[in-house]
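Colleague:
There are 2 protein chains.
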Amino acid sequence: MGPRERRVRERDEIREKILDAARDLLVGEGYDAVTMRRIAEKIEYSPTAIYFHFRDKEALLKRLCEHDFLSLPRQFLAIQEIADPIEKLKATGKAYLQFGIDCPHHYRLMFMTPHPPITEHELEKNNPEEDAYAFLKAIVAQAIAAKRFKPEYKDVDLVAQTVWAGVHGAVSLHIAKCNDDWVDWRPLKNRAEVMIDVLVNGLAR
Amino acid sequence: MGPRERRVRERDEIREKILDAARDLLVGEGYDAVTMRRIAEKIEYSPTAIYFHFRDKEALLKRLCEHDFLSLPRQFLAIQEIADPIEKLKATGKAYLQFGIDCPHHYRLMFMTPHPPITEHELEKNNPEEDAYAFLKAIVAQAIAAKRFKPEYKDVDLVAQTVWAGVHGAVSLHIAKCNDDWVDWRPLKNRAEVMIDVLVNGLAR
DNA sequence: CAACCAAACTTAACCTCGTTAGGTTTAGGA
DNA sequence: TCCTAAACCTAACGAGGTTAAGTTTGGTTG
Chain A
2 MGPRERRVRE RDEIREKILD AARDLLVGEG YDAVTMRRIA EKIEYSPTAI YFHFRDKEAL
62 LKRLCEHDFL SLPRQFLAIQ EIADPIEKLK ATGKAYLQFG IDCPHHYRLM FMTPHPPITE
122 HELEKNNPEE DAYAFLKAIV AQAIAAKRFK PEYKDVDLVA QTVWAGVHGA VSLHIAKCND
182 DWVDWRPLKN RAEVMIDVLV NGLAR
Chain B
2 MGPRERRVRE RDEIREKILD AARDLLVGEG YDAVTMRRIA EKIEYSPTAI YFHFRDKEAL
62 LKRLCEHDFL SLPRQFLAIQ EIADPIEKLK ATGKAYLQFG IDCPHHYRLM FMTPHPPITE
122 HELEKNNPEE DAYAFLKAIV AQAIAAKRFK PEYKDVDLVA QTVWAGVHGA VSLHIAKCND
182 DWVDWRPLKN RAEVMIDVLV NGLAR
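As you go down the protein sequences, you meet chains A and B in turn. Taking this note's numbering, the leading residue of the first sequence gets 2, the next gets one more, and so forth. Taking this note's numbering, the leading residue of the second sequence gets 2, the next gets one more, and so forth.
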């Protein structure tokens, strides 16, 4: 481990510091507080220094989204203990909901904001412990294998994406339109629970 | 109709022109193209003139969202011909999906972007012909009245919001993450159809 | 060891954007 | 005829993302 490795490590560390600062601003002060200048201020660098580590703001935010999407299942650890796949699915939905309630700005950036395509992935995919989508897929696959769903619902990706979309719809509509008094909104938790129940009932044999 | 009425009419006309210009930019050139300066350029006014008609950009965009949310059901005219409430509900979901496919930028602004609360509504509410949410609610109420749903699903608002959220989840996840090759996305139309079927099945007796 | 060179920064500036201050025109009313 | 308020305009401010150009720093090489 010569000075070469140290350089690489230091580079990764400052990259991580930038991402951490961006996340802190996002969660703590909201969407609009995430500016290159404020990130720089937080880590005591000049704003332009960030451009040495990220091509532009979009790339930075996209990286943050990917990173935190992967780390989501680490918050779902208790769910793995549940044996019944249907209960597991419901618990996952509720945990996902809770993330949306706790970190709405973070949720908005990760799931409600389009990011232009960037062709550089370096992170590990398809590991349920480190990839939220793989986590969900594994549960759906388990439910299908246990013949808990109607026979027409055998496409794991299609079912997983439907369940995801359902809960996401409830959460994201809340985040986008909770200030809209045009609609007589029911409480989010209530809506999300009904959504999960209706979905599971619709999928089940 | 003296000059006083003319003044009011002219004011409304230029307001409408501003909204039309904003909508054109949004649909034609996308989200980022909607700037006060470009709107002004399009209607051949100075940027500051807009501030005489709208308090700020947020108010302008919010007004646009409300206006177009109301005019949505005018695109759903054929649906009123359908007698069966379940089929009606499915058709409404598909029409809503089609709007998301045709106008993704417009959809994003209307349903995926939080707008701060503004306390000034001047538009007519609760008319199914001019209010997309009232339109959906009327269909759900019809289905409930015809005893097509399980007895526990008798809260019209709760059911309407669940159905809305389901289709919205499919559409909005597509708009936000269609460039994300991390997930092996099924086609949107496919996902939306499954979503509608699963929801209806889960709600039905 | 000295020269070099690329990595990792910095300062200063550019451009666009939303918005405001202050001035000007215009038309209806007193 | 004068006044006033509505409906605009020009000019500018400040914040944001980004770039150009220069500077430091530490490892590598002749």
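Here a beta-carbon is modelled for each residue, glycine too, at the ideal position from N, C-alpha and C.
Would you list the residues sitting across from A:Ala205 in a DSSP beta bridge?
Modeller: Answer is A:Phe150.
Colleague: Between A:Val35 and the rest of its own chain, which residues show a CB-CB distance below 7 angstroms, the 5 nearest in sequence each way excluded?
Modeller: If we look at A:Val35 and ignore the five residues flanking it on each side, its Cβ neighbours are Ala23, Leu26, Leu27.
Colleague: Can you name the residues of chain B whose CB is closer than 8 angstroms to the CB of A:Phe112?
Modeller: Within chain B, the residues near A:Phe112 are Leu174, Ala177, Lys178.
Colleague: For the segment 18–38 of chain B, list every residue whose C-beta sits within 7 angstroms of some C-beta in chain A, in sequence order.
Modeller: Answer in chain order: no residues at all.
Colleague: If I measure Cβ to Cβ from B:Asn128 and keep anything under 7 angstroms in the same chain, skipping five residues before and after, which residues do I get?
Modeller: Ala135.
Colleague: For a minimum of 4 consecutive residues, which ranges assigned as the alpha helix (DSSP H) are wholly contained in the segment 4–35 of chain B?
Modeller: If we require 4 residues or more, the alpha helix (DSSP H) runs fully inside the segment 4–35 of chain B come out as 4–30.
Colleague: Can you name the residues of chain B whose CB is closer than 8 angstroms to the CB of A:Tyr134?
Modeller: Per Cβ cutoff of 8 angstroms: Trp183, Val184.
Colleague: Rank B:Trp186, B:Arg10, B:Asp132 by C-alpha distance to the C-alpha of A:Val160 and give the top, closest one.
Modeller: The shortest C-alpha separation from A:Val160 is found at B:Trp186.
Colleague: Quick one: is A:His54 near chain B, going by C-beta distance under 8 angstroms?
Modeller: Judged by the 8 angstroms Cβ criterion, A:His54 is not in contact with chain B.
Colleague: Are any of the Cβ atoms in chain B nearer than 8 angstroms to that of A:Arg75?
Modeller: No, because no Cβ of chain B sits closer than 8 angstroms to the Cβ of A:Arg75.
Colleague: Does B:His116 get closer than 8 angstroms to chain A when you measure Cβ to Cβ?
Modeller: Cβ-Cβ to chain A under 8 angstroms: yes for B:His116.
Colleague: Can you look up B:Ser173 in the DSSP assignment and give me helix, strand or coil?
Modeller: DSSP places B:Ser173 in helix when its eight states are reduced to three.
Colleague: From A:Val157 to A:Ala144, what distance separates their C-alpha atoms?
Modeller: Taking the straight line from one Cα to the other gives about 10 angstroms.
Colleague: What does a CB cutoff of less than 7 angstroms around A:Thr114 pick up in its chain, not counting 5 residues either side in sequence?
Modeller: Within the same chain, A:Thr114 has no close Cβ partners at all.
Colleague: My output table needs one value for A:Thr93: the three-state DSSP class, helix, strand or coil.
Modeller: Of the three classes helix, strand and coil, the one that applies to A:Thr93 here is helix, per DSSP.
Colleague: Taking 6 angstroms as the limit between beta carbons, can you name the residues of its chain near B:Ser173, skipping five residues before and five after?
Modeller: Cβ neighbours of B:Ser173 beyond the five flanking positions: Met113.
Colleague: Could you name the residues of the segment 88–105 of chain B whose beta carbon sits closer than 7 angstroms to any beta carbon of chain A, in the order they occur along the chain?
Modeller: The residues in question: there are none.
Colleague: Given a cut-off of 8 angstroms on the beta-carbon distance, is the pair B:Leu176 and B:Tyr108 in contact?
Modeller: Per the sequence shown, the amino acid found at residue 176 of chain B is Ile instead of Leu. Against a cut-off of 8 angstroms, the Cβ pair of B:Tyr108 and B:Ile176 comes out as a contact.
Colleague: Quick one: is A:Asn202 near chain B, going by C-beta distance under 8 angstroms?
Modeller: At least one chain B Cβ lies under 8 angstroms of A:Asn202.
Colleague: From which residue to which residue does the alpha helix (DSSP H) around A:Ser72 run?
Modeller: 58–72 is the span of the alpha helix (DSSP H), which, as asked, contains A:Ser72.
Colleague: Kindly indicate if chain B contains any beta-carbon less than 8 angstroms away from that of A:Val199.
Modeller: Answer yes: the Cβ-Cβ gap between A:Val199 and chain B drops below 8 angstroms somewhere.
Colleague: Could you work out which residues of chain B lie near A:Gln81, taking near to mean beta carbons separated by less than 9 angstroms?
Modeller: Within 9 angstroms Cβ-Cβ: nothing; A:Gln81 doesn't reach chain B, min ~21 angstroms.
Colleague: So, helix, strand or coil for A:Glu123, using DSSP?
Modeller: Legend: pLDDT at A:Glu123 = 49, less than 50; position of this residue unreliable, value from coordinates given subsequently. A:Glu123 falls in the coil class under three-state DSSP.
Colleague: Mind checking if B:Asp57 is an interface residue toward chain A, Cβ cutoff 8 angstroms exclusive?
Modeller: No, B:Asp57 lies away from the interface with chain A (no Cβ there is under 8 angstroms from its Cβ).
Colleague: I believe A:Pro86 touches A:Ile140 by the beta-carbon criterion, under 8 angstroms. Please report the beta-carbon distance rounded to the nearest angstrom.
Modeller: A:Pro86 to A:Ile140, Cβ: 6 angstroms. Contact.
Colleague: Is the shortest distance between the beta-carbon of B:Gln143 and the beta-carbons of chain A less than 8 angstroms?
Modeller: No, its Cβ sits nowhere closer than 8 angstroms to a Cβ of chain A.
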